[in-house]
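Residue numbers (UniProt numbering): 1 to 107.
Since the structure comes first, as structure tokens, the remarks are kept for the end.
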């Protein structure tokens, strides 16, 4: 089993992006990079960073918490990014069809 928190920065044309998302892929990557740097600097503030940066509906209320899940439950790119880090670590940017993720591994 794995556990993680994450934030997602979407761009126009990414999967499930609402019509209100107008940023380009490049703008989304820059925004996600900024969030990643803050998260790596202080992982204890991850929930606050999620509230500030994440586009995922409801993420602000959950602090980005995805709970526990088995291997293969997430899209392959997310799983690969998650497996590259140890519990308590923050990932580099992970790009999926949904946009750019920053992941904090919790289990």
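Even for Gly, the Cβ is constructed at its ideal location relative to N, Cα and C.
Keep in mind that this is a model prediction, so the values were computed, not measured.
Three-state secondary structure (DSSP) of residue i
{"i": "residue 82", "result": "helix"}
{"i": "residue 12", "result": "coil"}
8 angstroms contact criterion, which residue i and residue j should meet: CB distance rounded
{"i": "residue 107", "j": "residue 13", "result": "So it is not a contact: roughly 32 angstroms between Cβ atoms."}
Span of the beta strand (DSSP E) around residue i
{"i": "residue 96", "result": "94-96"}
{"i": "residue 5", "result": "2-9"}
{"i": "residue 50", "result": "No beta strand (DSSP E) holds residue 50; the alpha helix (DSSP H) holding it covers 46-53."}
{"i": "residue 68", "result": "65-69"}
Local Cβ density within 10 Å of residue i, reported as buried at 16 or more and exposed below that
{"i": "residue 80", "result": "exposed"}
{"i": "residue 91", "result": "buried"}
{"i": "residue 41", "result": "exposed"}
{"i": "residue 88", "result": "exposed"}
Residue i: first and last residue of the uninterrupted alpha helix (DSSP H) it sits in
{"i": "residue 40", "result": "25-41"}
{"i": "residue 61", "result": "59-62"}
**Request:** Specify whether the segment 38-57 and the segment 6-19 touch according to this definition: at least 3 beta carbon pairs, one from each stretch, less than 8 angstroms apart.
**Result:** With the cut-off at 8 angstroms, the segment 38-57 and the segment 6-19 touch.
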